[in-house]
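Here's the structure we're looking at; comments come further down.
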Amino acid sequence: MTGTSATTLAPWVLALALGAGLANTAFHLAYHQSPLYLDPRALVGRDRRAVLSGRQVAVLLVALGGIAVFLLTPAPELGAALVLAAILQLRRWEIATWPGDMVVRLGKYAPASACLLGGAAAHLLARALGADAVTQAARGWDAAAGVLASAYVLAAIAKVRESGLGWTRAESISLLLAERGFGRWGGLRLRLAQSRSASAFVGWMGLLVEAAAVLLLFPPIRPYFAAGIVVFMAVTWLLFGYFEPEWALSAAAIGIAAAG
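Just so we're aligned: the sequence shown equals residues 1282 to 1541 in this note's numbering.
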């Protein structure tokens, strides 16, 4: 998935996404005795119980080393394997650390790792079939785009399966916005929460963007839709306070690769 042209930048952006995912997992491992979605700024340095074990630190270093191998050596597949193995172990610890199946039920995702896994597998398959280096990289990014598209489309399906179109109802979105009517953007959120049409629009746009992620499967459209996802994630942070850089950076990497 290294490639040439603009795709030389794409692995670096994907590496940033992997780093964001690792930081998120490390935070949850250290602060597993605190509420899952609490703002990290309210916790860092204030809880003396928040300490990673020696084994956890060692595996984090393996993951970071794998990212370096992925980016800087002629053996990116080895780096990908190291990263994925380390993240798998960290996620197992994360799931085990939290009470019951909380991490599983709340949908703790790892989009960058999933994209890397799909992309590396497709890259290796293309090599086994005799494709040249440029084609190998292209097939890898195609697979990564398919993985990310699947994640968003499945999220849309899950919403409809669980609540029908209830997710898009003005009352549902208004409550979510009103619950977050504080902080820097609290005033904006409260104003939107008081408008049925604005709340319904936010709900429908969220569902439609996720469902429309199937467009990532089409390379000519991919850079534009990937840019749209970055904007979508920024708006999600603005309105709901969910800071998810791993999703935005994964989409950006895929879009940059397609633009090349």
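For every residue, glycine included, the Cβ atom is placed at its ideal position computed from N, Cα and C.
Exercise. Leaving out the 5 sequence neighbours to the left and right, which residues in its chain are closer than 7 Å to Ala1437 when beta-carbon positions are compared?
Worked result: Hits under 7 Å: Leu1488, Glu1491 and Ala1492.
Exercise. For the candidate residues Ala1539, Ala1540, Leu1310 and Ala1301, whose alpha-carbon lies nearest to that of Glu1375?
Worked result: Of the listed residues, the one whose Cα sits closest to Glu1375 is Leu1310.
For this session: Please report how far the alpha carbon of Phe1351 lies from the alpha carbon of Pro1392, in whole angstroms.
Result: For Phe1351 and Pro1392, the distance between alpha carbons rounds to 17 Å.
Problem set entry | Thr1449, buried or exposed, once every other Cβ within 10 Å from all chains shown has been counted against 16 | Buried, by the Cβ-count rule.
For this session: Compute the Euclidean distance between the alpha carbons of Ala1515 and Ala1533, then round it to the nearest angstrom.
Result: In a straight line, the C-alpha of Ala1515 is about 12 Å away from that of Ala1533.
Exercise. If Ala1508 and Gly1536 are in contact, beta carbons under 8 Å, what's the gap, nearest whole angstrom?
Worked result: The Cβ separation is near 6 Å, so the contact holds.
Exercise. Taking the continuous alpha helix (DSSP H) assigned at Tyr1523, which residues delimit it?
Worked result: Run containing Tyr1523: none; DSSP gives neither H nor E here.
Problem set entry | CB-CB length for Thr1306 against Arg1373, believed under 8 Å | Contact annotation, Thr1306 with Arg1373: C-beta distance approximately 11 Å; criterion of less than 8 Å not satisfied.
Problem set entry | Stretch-stretch touch, CB-based, cutoff 8 Å, three pairs: the segment 1414–1428 with the segment 1493–1505 | Yes, the segment 1414–1428 touches the segment 1493–1505.
Exercise. With burial defined as no fewer than 16 other Cβ atoms inside 10 Å of the residue's Cβ, what is the status of Leu1398: buried or exposed?
Worked result: Under this definition Leu1398 is a buried residue.
Exercise. Of the choices Ser1394, Leu1333 and Gly1411, whose alpha-carbon is the least far from that of Val1294?
Worked result: Nearest option by C-alpha distance: Ser1394.
For this session: Using 7 Å as the cut-off, classify the Cβ of Arg1477 as near or not near the heavy atoms of the ligand GTP, replying yes or no.
Result: The ligand GTP is absent from the structure shown, which contains no ligands of any kind.
Exercise. Quick one, are the C-beta atoms of Ser1531 and Ala1298 less than 8 Å apart?
Worked result: Closer than 8 Å, so yes.
Exercise. Given a threshold of 16 other Cβ atoms within 10 Å of its Cβ, counted over all protein chains shown, does Asp1413 qualify as buried or as exposed?
Worked result: Burial is judged here by how many other beta carbons sit within 10 angstroms of a residue's own beta carbon; Asp1413 has fewer than 16 and is exposed.
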